[in-house]
Amino acid sequence: MNIGYSNFKTLRQALERLDIEEIDVNLFPVIQPVEPSDWLIKALEIAKIMPLTNGKSKSERLISPILMEVAINFRENITLYSGEDLYIDDKRDLSGAGDFFLAKHPRKEVMQAPIITLAEAKDEDMDYGRGQCLAQMYAAQLFNEQKGKPQPFIYGCAVTGGEWKFLKLTEKQVFVDNETYYISDLPKILGIFHHIIKLYL
């Protein structure tokens, strides 16, 4: 049975199968931190009351509120989607649902091009997350091109809940951030997302 993006088990596998060159860099040498709202602080405090035992619970209670706050701040230009299908090519495993997508358009019921950023949650398996994230970034790049709205780059983020790793895809090169960001430094994570979105506006 074809399970699409889940077949990309590691970053190395995604690089080889998609013929993409990896470049390790510091993607965000200077970032202006963005303080979380009282709502977000409260939401994350409530999340810790119940056990966060797997990727689904972390995705719903930790990752989703953070991305929602980012999308709300840019709601005139950006819409956040969760669990949307992105079907490009079944034969290449470029099909299936992604955890989170940020699309460059105001609120619409149906996700449309261009997709500019996505996040993939994986419970404690960062390498698996980066591999699957890169495959979805590549598919999003093709999706944007097919819809006549190509973008010069697409950002992605692999998340375990506590750890956040960012990638930037430009055609056939992926720039992998050599920094790991932690939820304990939430203003920096928010600042990175604000920085990324402003690049498209």
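FYI, the numbering for the sequence shown is 9 to 209, going by my numbering. By construction, the Cβ of each residue, glycine as well, lies at the ideal position given by its N, Cα and C atoms.
When DSSP states are grouped into helix, strand and coil, residue 96 belongs to the coil group. The alpha-carbon separation between residue 100 and residue 12 amounts to approximately 8 Å. Of the residues 204, 194, 180, the one whose Cα lies closest to the Cα of residue 25 is 180. Between residue 85 and residue 112, the CB-CB gap stays under 8 Å. Cα atoms of residue 73 and residue 197: separation of roughly 13 Å, rounded to the nearest angstrom. DSSP places residue 182 in the uninterrupted beta strand (DSSP E) bounded by 181 to 185. Rounded to whole angstroms, the Cβ separation of residue 33 and residue 185 is 7 Å, and the two are in contact under 8 Å. The shortest C-alpha to C-alpha distance from residue 29 to any of 37, 36, 20 is the one to 20. At a Cβ-Cβ threshold of 8 Å, residue 149 and residue 94 do not count as neighbours.
For residue 137, the secondary structure class from DSSP, reduced to helix, strand or coil, is helix.
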